[in-house]
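Okay, so the sequence shown: first residue is 5 according to the numbering used here, each after it adds one.
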Amino acid sequence: IKQAGEAAGYEVLVSGPDAETDVDKQISLIETYIEQGVSAIVTSACSSTAIVDVIEQADAKGIPVFLVDSGADGGPYVTFIGTDNYAGGQLAGEWVGENVDSGKCVILDGNSGNDATTKRVKGFSEVITDKYPKIEIVASDAMEVTENFLAAYPDLKVIFCANDNMAIGAGQAVAAAGLRDQIKICGFDGQPDAAQAIIDGEIDATIAQKPATMGKMVVDAIEKYEAGETVDKEVDTGCDVVTKDNAKTYL
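In structure tokens form, the structure reads like this:
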């Protein structure tokens with residue numbers, strides 16, 4: 005966003021809370037930009053529900069809001085540009101179904117209330133439940149640590165994580181328990197360190213998003229909006245499965 009925005013002649017101000025869970029801090033930052041009278045606001049919502057009110061505040065001041073990566077449950081935002089997280093979750097479910105014959109599966113779902121996380125877990129869970137009945141989802145938890153699940157389910161076969169940071173952490177815990185050969189681990193985001201973890205054998209797969217594409221496209225959307233052109237309400241930037249076969253591409 006910064007690169008494309010500055011190339012288009014915008015002054016791009018970037019800020020955010022220290023943690024994705026700090027919803028109040030994000031709202032406060034956006035309210036400050038509204039008071040400053042910026043030309044446009046781009047945000048990746050920490051909470052799809054809490055963001056609605058501040059979108060309405062911006063709209064009342066004539067400031068358009070553009071959502072990227074994580075959406076909102078409502079409000080007069082201009083567009084959402086990002087991964088179809090439900091479809092990405094389905095893709096993860098298909099990968100698990102094709103690579104695990106049967107057994108118990110745990111989901112680590114991360115930040116509760118985050119729109120992206122919720123959709124990823126929903127897409128994954130529905131594919132596993134509907135198409136792969138021999139794989140049993142035994143737990144889905146945002147706060148539990150992997151070690152607890154390994155103790156509770158010694159015959160665990162799959163861990164699906166709604167982001168790569170959790171997947172890498174899960175991989176370390178599984179390796180420490182000597183269970184890497186038993187348990188498949190799939191993350192979500194396609195971060196370079198996750199690609200390296202796949203190459204190193206610490207995790208097995210991740211679902212890659214396209215954040216640079218999102219950034220460029222949201223700046224294009226701002227320019228179109230300011231020019232009075234039609235802007236699509238929702239744009240899916242797509243995602244891919246990353247495994248050892250293609251992980252080097254994502255480093």
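No residue lacks a Cβ here, since even glycine has one placed at the ideal position from N, Cα and C.
Here the structure is a predicted model, which is why all the values come from computation and not from measurement.
Between the Cα of residue i and the Cα atoms of the options, which residue gives the shortest distance?
i              : options                           : result
lysine 135     : Thr121, Val104 and Val110         : Val104
valine 11      : Asp236, Val42, Lys220 and Val245  : In the sequence under discussion, the amino acid at residue 11 is alanine, which differs from the valine named in the question. The shortest C-alpha separation from alanine 11 is found at Lys220.
valine 162     : Ile211, Ala180, Ala179 and Ile139 : Ile139
leucine 183    : Ile207, Ile203 and Thr253         : Ile207
threonine 133  : Lys228, Asn118, Glu98 and Thr217  : Glu98
asparagine 152 : Ala181, Phe192 and Asp240         : Ala181
alanine 209    : Pro215, Asn118, Ile187 and Phe84  : Ile187
lysine 237     : Gly9, Ile85 and Val16             : Ile85
Suppose the cutoff is 7 angstroms on Cβ atoms and the five residues either side in sequence are ignored; what does the same chain contact list for residue i look like?
i            : result
lysine 123   : Asn89, Tyr90 and Gly93
glycine 114  : Thr121, Ala146, Ala166, Asn167 and Met170
leucine 95   : Ile211, Cys243 and Val245
valine 18    : Lys6
tyrosine 229 : Pro68, Val82 and Val235
alanine 201  : Ile172, Gly175 and Ile207
In or out: residue i buried (at least 16 other Cβ within 10 Å) or exposed?
i             : result
lysine 6      : exposed
valine 149    : exposed
aspartate 168 : buried
lysine 108    : buried
valine 178    : buried
glycine 127   : buried
glutamate 24  : buried
lysine 252    : exposed
valine 16     : exposed
Three-state secondary structure (DSSP) at residue i?
i             : result
aspartate 57  : helix
glutamate 39  : helix
glutamate 227 : helix
alanine 166   : coil
isoleucine 67 : coil
lysine 248    : coil
leucine 95    : helix
threonine 217 : helix
serine 144    : strand
threonine 121 : helix
Taking only heavy atoms of the ligand GDP into account, decide whether any of them is closer than 7 angstroms to the Cβ of residue i.
i          : result
leucine 71 : You won't find the ligand GDP in this model; it holds no ligand whatsoever.
Here's a check: name, in chain order, each residue in its chain whose Cβ is nearer than 8 angstroms to the Cβ of residue i, leaving out the five neighbours to either side.
i         : result
valine 56 : Ala76, Asp77, Gly78 and Gly79
Are the stretch 63-75 and the stretch 43-51 in contact at 8 angstroms, needing three or more beta carbon pairs?
yes
Can at least three beta-carbon pairs, one atom from the stretch 51-61 and one from the stretch 33-40, be found at a separation below 8 angstroms?
yes
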